[in-house]
Amino acid sequence: MDHYLDPASRAKAFEHNWARLHAPSSRLDLDALALCLRLLPTVDAENDYQPQHQALGRLLLSRIPEEPHDSEHLFVLAELCHSNEAFVHFFVEEYIKPCLNAALVQLSKSTTLQETSDEDVITSREDHVRNAVAFLNLLKYSYWLPPKTKHAIDPTSLGFLVRFVGIDRINEPALDALSALLSLLVQNQQTGILVACPKNHAPLWLQYDHALQSHVLNHPLVDQSWWNRLKTLRTTDFTAASDKIYKVWYQWIVQASRTKTELVGVYDCLYWETLRAGLLVGYADQRKYCLAIIRLSLHLPHTQDIRTPVMVSIADDSKVVYKAYEQYATLFETIVLDRYSNQVQACLPELATLIDTDSKVTPAMATTLLAAALNPRVQDNIRKIIGNWYMGYLIKHRELAPNHIEFVVKGFLPWATQGSLFTSTLTATRTTTVCIHGATLAEFIAMFVANSPDMLCRSLILEILQFVLDAGGRLFQYSILYLLEGLNKGLALRTTTHISLEPADLDLILRVSRLTGLPEIAGDLYGLYCKQLCDYVSQDTSAQKETASYKSLYTKILHLETHPLASGQLTPCAVDGLPPLQSFLQQLYDTKHCSIQGDSYASACKTLIQTLDRADATLIKSHDMYAVLDALWEEADRREFSRSVAVNMPALFFHPVCIKICILQDAAQSESDGSLTVLLTRAMECLQRLSESRPYLLSVLAMSLRKAVFSSPSITSILPFEEYILRFVNHPPTVKTEFLFEVAAAEKLQKFVPHRDYAFYYGQREWHAYAAVLDLLCRFPEDQSKVAKRILDHLLEPWKEQKAPIPIISKWKDVLQLQAMLLLTDFCIPDTQVDMYLDAFTRALVVEQWPRYRFLLEWIVARIYYRFPSKAIRILNDLEKLDEGSPIHVASLVKVAALVAPYLDSENFALNVLIRLIPFSASPKVHIRHEAHWCFPIVFDLATSNDWKSITGNPAFVALDKHIRGMDKFGAPAWSIRTLKLDSVKDFTLTGIFQGQYLSIETPEQKRVAHEDFVELQDKEKTLQTNLPLTRIALGWSPTLTVATLQDPETQASPQSSLAPTFLQTKSGFDFASLYPHSGPPHVKSQRPASVILIASLIDNPTNLGGLSRISESFGLEALYIDDLKKLGHKDFKATSVTSEKHLPIHELKAYGVPNFLLEMKRKGYAVVGIEQTDRSGMLGDEGKDSDADTKDAIYTTGSRKDSGTLPQKCVLVLGSEKGGITAEVLAVVDRCVEIRTVGVTRSLNVQTAGGIAVYEWWRLWHDDVLGI
């Protein structure tokens, strides 16, 4: 309309809108600005820029930095400026660029004046920052304008913007503007960029396109400026905005590849080092950009070879190198980005090919992938797969070692020294304790040391030692042991040359040797390893070896090697006329207790034990004994019961003489001089608590208490033996993982110093404690049977009081409880209480679920019937009364009957059992039927061996026996505890109870004690000629030992040349196109690509809703509607959604509101399609039989066609409920229905599946339109 205005009217209109622009306001009046831009004087060959242009430029220059940072507002502002081609060119060249240049000059200077307090300088800097940010943002929005827009751009635009990268506070706006400019180049690659150019000036780099009626840029923008700027940036610039820097870098390289521009940066090592750093750390997007940059950089034309430490690409071999890095990118994606363990496992052969010596991928890049895979941000299972595989592979391919030294120290060791790797692979048996990860790590380090060149070997050793020092207390302490072991082993294995460390290296070794934190054995082994390393230092180190640190280490190792454990005898001061104990007390008084302090405590205890061995308890005064023990107790308490103190206490405090004096004092009821009972009770309770966390106390305490009971049985009623045994059985002491490392260290130390074994430090292992306690139960004194019975009753109480249903596994239950009850029931049940105990154990058996516990309970019940055969009639009566409603109870009674029958010698009992087994053998209850099948042949064999004709002559019995024996399962070896054969009498031995096969079937149970432990205990007693009570339970035969072979920890996945390349799964799903940022108005930046809304409000199942959420997010749908947002928190929803709900708009829409919502969406231009089987549904994907449309656009112009199975581009998909489908009310407002063609018998699909198929069909049809292809 302004074309029809005369000059005066135009001037007046301009003045009016100019006044509106000058009016005070928080933001520019965009309507007034639009009119002013339209009313500006024309610029052409005859007319140059007028004062109005300059005035408007100055106004915008001052107002734009003050505008609120509203992306939509600024986008419209940029759009308005570009509506006047001449003005926008003028404004950018004459105002924006000079303003930005001024800001660049000032901000570049101010980087050295960050701490200034000059207010004028600070104000000026802030003004420049504000201006630069505002105009860089304006340029960014201008580059987002549609392709048909004429842009204010020239060949220097890229170089101009690059200068602002890395400048504090404007770095990110500059990167955003660069990204937008490079995106503009992609959008206009076919037609070229339309350039705003005044008609009075057309530079040579412009070409006029008559078809477009516009000037088009005829000069490439991409040059070397980006790399020239990039290589000047600081490291902090990459960490502050790394993803944006790499994104622009990627866009720049894309343009370079399209214009076939050779980039000089690819010949620079810094180029590849920077990309390598981007792969090592950062989020997924940054790493994707780096992978893409690497591949595109190698695809660019090269006039010379690339030869850098990080990247090598020979011109003649460039295609092979490019393919190698394509595979590299795929492996990086699979291992580091996708992180699916099965896929990582599958790609290990390709990874092996990648790191081989003949690989086209350089060692630096190969180890970059490995370092990224071992980064703490990657989940542990992936890191374990890669780390263990890497150790195993390099141990077998030692030629790779020299190229991986830097990675081993910086990338591998931080992962390999994690404590969880050591503790989780610690394997302990009775003969050896091995940390599989530690052993492999030591071998791995040894391989590197043994196979590296001399200088690299020394460097590796020093870097590992420095790594240990730098880590300080953050390292898992035992990991240092394995590192030192590997260093020494590797130095010893070197065959080519013998490495001599330099004298200066000795100080580093000594600093490492002073690190603390390891217990006794590990600490001694640690010192020995450090001393061995010192021995490799050249001989010209006399001055260094005179230092206090070296002398201390040397003295420690000398003592370790030459000083066995001292006898520690103490010769008390002889005091005329005083007995030994009184002499000892006098010495305590004279030395003020110094005679039992420090190392003298152990020797004092040993001297007292020798004295008591020769003493007569009746001649020792109780108050003297009390005074001695009380003094020792106070000293032990003062020293917090350290190991050297605690291990010597049990043998003295519970010495048979001390026990007899305690009994005598208790009988005389004399406590005026101190109660030995109270003191020994306190000692017993305290030492037991300590032993539960200190395994070295277990055996010495148990042995001492057992000896005390056998020497004076009545002590069990005086001291808390009942509580001790109950606590031991109810809470079986175990060795903590940390202590097992001490055991493993003892085995290693013994190889160098034979007398320094585990027993030297800690005495006997914990299984000797179990042997002592269990042997005590087997030999429990007859006159103390009441104590044993109370122990049995306490153990039985919680088992019989259980209420069904009970959990299968309970924390308070342990197999040792039932094993102990099996021992005790054989002599603790009086004749008058047999029924009571049978009822109690049967009640426990009825409710118990765990097979191993049921096995032992059945054994206990069978043993009671064996001891009291007259009670066996109960079994028959119970089988008669019970119906099959309690199948587990019936099955257990059947088994008990089979266990008892061989020892009753009763044909009638066996006959009645078999009669009852006949119907049970055909029971529909699996438990009953299977148990009857197992027991019937056992009883029938018993009848055959005894020639009981009433059974063997019965044709029904014979036929059933033959039928059962013909079953495959009958002849098969035992595969479960229920199928395990048991002889309740012959198997009733210590070996059978504590090492029986039932402990190793179905989740093997820990075997706490073994046959040889009881043998060793008995042999020791024979040597000492101790008179012991007879054992009630035979030891039994030694079981056959089977030794399991430890598997290698690393994954065995060596590449095989004969195998064809495998397909590698990738799930991050990115390609080069997906990395490129999208242009356009700000409001479309967050817009999801598919113009589809999914309605799932009729669906109730959270599992299905979670799956639909995942489908909707994966395929980029606009939104998902469900009936209740609370379902997003349901565990079943989360199980199938895989966090997709965090990235997808999900709204609440009640089922009753669906019809009105669909009508509203139809008013907005959406077509509504129901996924439902109706009489008018079209088949999904079919265009309809009567369709005469030739084009896709024609098909969708009529959304009401019911016979079409196609989906409109802009549609709402409605899914029905799982059972009822889409309701009639909703069907009434849908435009059409489609159904999915199936050919099987089942005509319906799960709603998740149906939704996924429908959405995929939409994408198949509209993919090109959505992506603009």
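Per our numbering, the sequence shown runs over residues 1 to 1269.
Backbone N, C-alpha and C fix where the C-beta goes; we use that ideal spot for every residue, glycine too.
Keep in mind that this is a model prediction, so the values were computed, not measured.
Once DSSP output is grouped into helix, strand and coil, what is the label at S1187?
For S1187, the predicted model reports a pLDDT of 40, less than 50, meaning its position is unreliable and no value from the coordinates is stated.
Straight-line CA distance for S26 to V222?
One C-alpha to the other measures close to 39 Å.
Determine the burial state of A416: buried for a count of at least 16 other Cβ atoms within 10 Å of its Cβ, exposed for fewer.
Label assigned to A416: buried.
With a threshold of 8 Å, are at least 3 pairs of Cβ atoms found where one atom belongs to the segment 364-374 and the other to the segment 387-407?
Counting Cβ pairs under 8 Å, three or more are found: they touch.
Provide the residue span of the beta strand (DSSP E) that contains A1090, from first to last.
Segment A1090 to I1095, the beta strand (DSSP E) holding A1090.
Based on the DSSP secondary-structure assignment, which residues constitute the bridge partners of E1141?
DSSP output for E1141 lists no bridge partner at all.
Within a Cβ cutoff of 6 Å, which residues of the same chain sit near A771, ignoring the five residues on either side of it in sequence?
Leaving aside the five residues that flank A771 on each side, the residues in its chain whose CB is nearer than 6 Å to its CB run, in chain order, V1009, D1013, F1014 and L1017.
Given this structure, state the Cα-to-Cα distance separating R38 from V92, to the nearest angstrom.
Distance between the alpha carbons of R38 and V92: 18 Å.
Can the beta-carbon of Y526 be found less than 9 Å from the beta-carbon of L481?
In contact: Y526 and L481 (Cβ atoms closer than 9 Å).
Hey, quick one: how far does the beta strand (DSSP E) through I1122 stretch, first residue to last?
It spans L1117 to I1122 - the beta strand (DSSP E) in which I1122 sits, taken as one unbroken run.
At the level of alpha carbons, what is the spacing between V162 and C99?
Between V162 and C99, the C-alpha separation is close to 16 Å.
Could you name the residues of the same chain whose beta carbon sits closer than 7 Å to that of V133, not counting the 5 residues immediately before and after it, in chain order?
Result list for V133: I170 and P173, in chain order.
I806 (DSSP reduced to helix, strand or coil):
Correct three-state label for I806: coil.
Please specify which runs of the alpha helix (DSSP H), each continuous and at least 4 residues long, are wholly inside the segment 643-679, giving them in chain order.
Segments of the alpha helix (DSSP H) lying fully in the segment 643-679: 643-646, 649-653 and 656-668.
On the three-state DSSP scale, how would you describe T433?
Looking at T433 - three-state DSSP - the assignment turns out to be strand.
For Y1121, which option in L1215, K1162, V1138 and T1136 has the closest C-alpha, if you only look at C-alpha atoms?
Answer by Cα proximity: L1215.
I want to know whether the segment 844-857 touches the segment 801-813 - three or more CB-CB distances under 8 Å.
Yes, since at least three Cβ pairs between the segment 844-857 and the segment 801-813 fall closer than 8 Å, the two stretches touch.
DSSP three-state assignment for R1232, whether helix, strand or coil
R1232 falls in the strand class under three-state DSSP.
Can we say the segment 335-344 touches the segment 371-385, given the rule of at least three CB pairs closer than 8 Å?
Yes: the two stretches touch, three or more of their Cβ pairs being nearer than 8 Å.
S699 and Q764 closer than 9 Å at C-beta:
Result yes, Cβ atoms of S699 and Q764 sit closer than 9 Å.
Cutoff 7 Å; reference S1109; Cβ partners in own chain excluding five residues on either side
Short of 7 Å from the beta carbon of S1109, and not among the five residues preceding or following it, lie these beta carbons of its own chain, in chain order: L1120, S1137, S1140, E1141, L1144 and I1146.
What would DSSP say about A364, mapped onto helix, strand or coil?
Reduced to three states, the DSSP call for A364 is helix.
Could you spell out where the alpha helix (DSSP H) holding T952 opens and where it closes?
Unbroken alpha helix (DSSP H) run through T952: K949 to T952.
Give me the Cα-Cα distance between L491 and S500, rounded to the nearest whole angstrom.
Straight-line measurement puts the Cα of S500 at about 10 Å from the Cα of L491.
So does the segment 281-296 actually touch the segment 313-329, counting three or more Cβ pairs closer than 8 Å?
Counting C-beta pairs closer than 8 Å gives three or more between the segment 281-296 and the segment 313-329, which meets the contact rule.
What is the DSSP secondary structure of R689, reduced to helix, strand or coil?
In the structure shown, the three-state DSSP call for R689 is helix.
Give the single residue among I521, G392, C81 and A19 whose Cα lies nearest to the Cα of Y762.
Closest by alpha carbon: I521.
Based on the DSSP output, what are the partners of D1132 in its beta bridges?
Answer by DSSP bridge pairing: none, since D1132 is not bridged.
Excluding the 5 residues flanking T952 on each side, which residues of the same chain have their C-beta closer than 6 Å to its C-beta?
Taken in chain order, the residues that qualify are A943 and T944.
Would DSSP call A1194 helix, strand or coil?
Any answer about A1194 is weak, because its pLDDT of 39 lies below 50 and its placement is not dependable; what the coordinates show is given next. Of the three classes helix, strand and coil, the one that applies to A1194 here is helix, per DSSP.
Give, in chain order, every unbroken run of the alpha helix (DSSP H) that is at least 4 residues long and sits entirely within the segment 284-332.
Unbroken alpha helix (DSSP H) runs of no fewer than 4 residues, entirely contained in the segment 284-332, are found at 284-299 and 318-332, following chain order.
Specify whether the segment 265-285 and the segment 304-313 touch according to this definition: at least 3 beta carbon pairs, one from each stretch, less than 8 Å apart.
Flag = yes, the segment 265-285 and the segment 304-313 touch.
Straight-line CA distance for V1241 to E1235?
Cα-Cα distance, rounded: 16 Å.
Per DSSP, which one or two residues make a beta bridge with D209?
Bridge pairing for D209: S214 [DSSP].
Need the endpoints of the beta strand (DSSP E) that G392 sits in, please.
Careful: G392 lies outside any beta strand (DSSP E), inside the alpha helix (DSSP H) at D380 to K396.
Complete beta strand (DSSP E) runs within the segment 420-480 (minimum length 3 residues, chain order)
Listed in chain order, they are 426-428 and 433-435.
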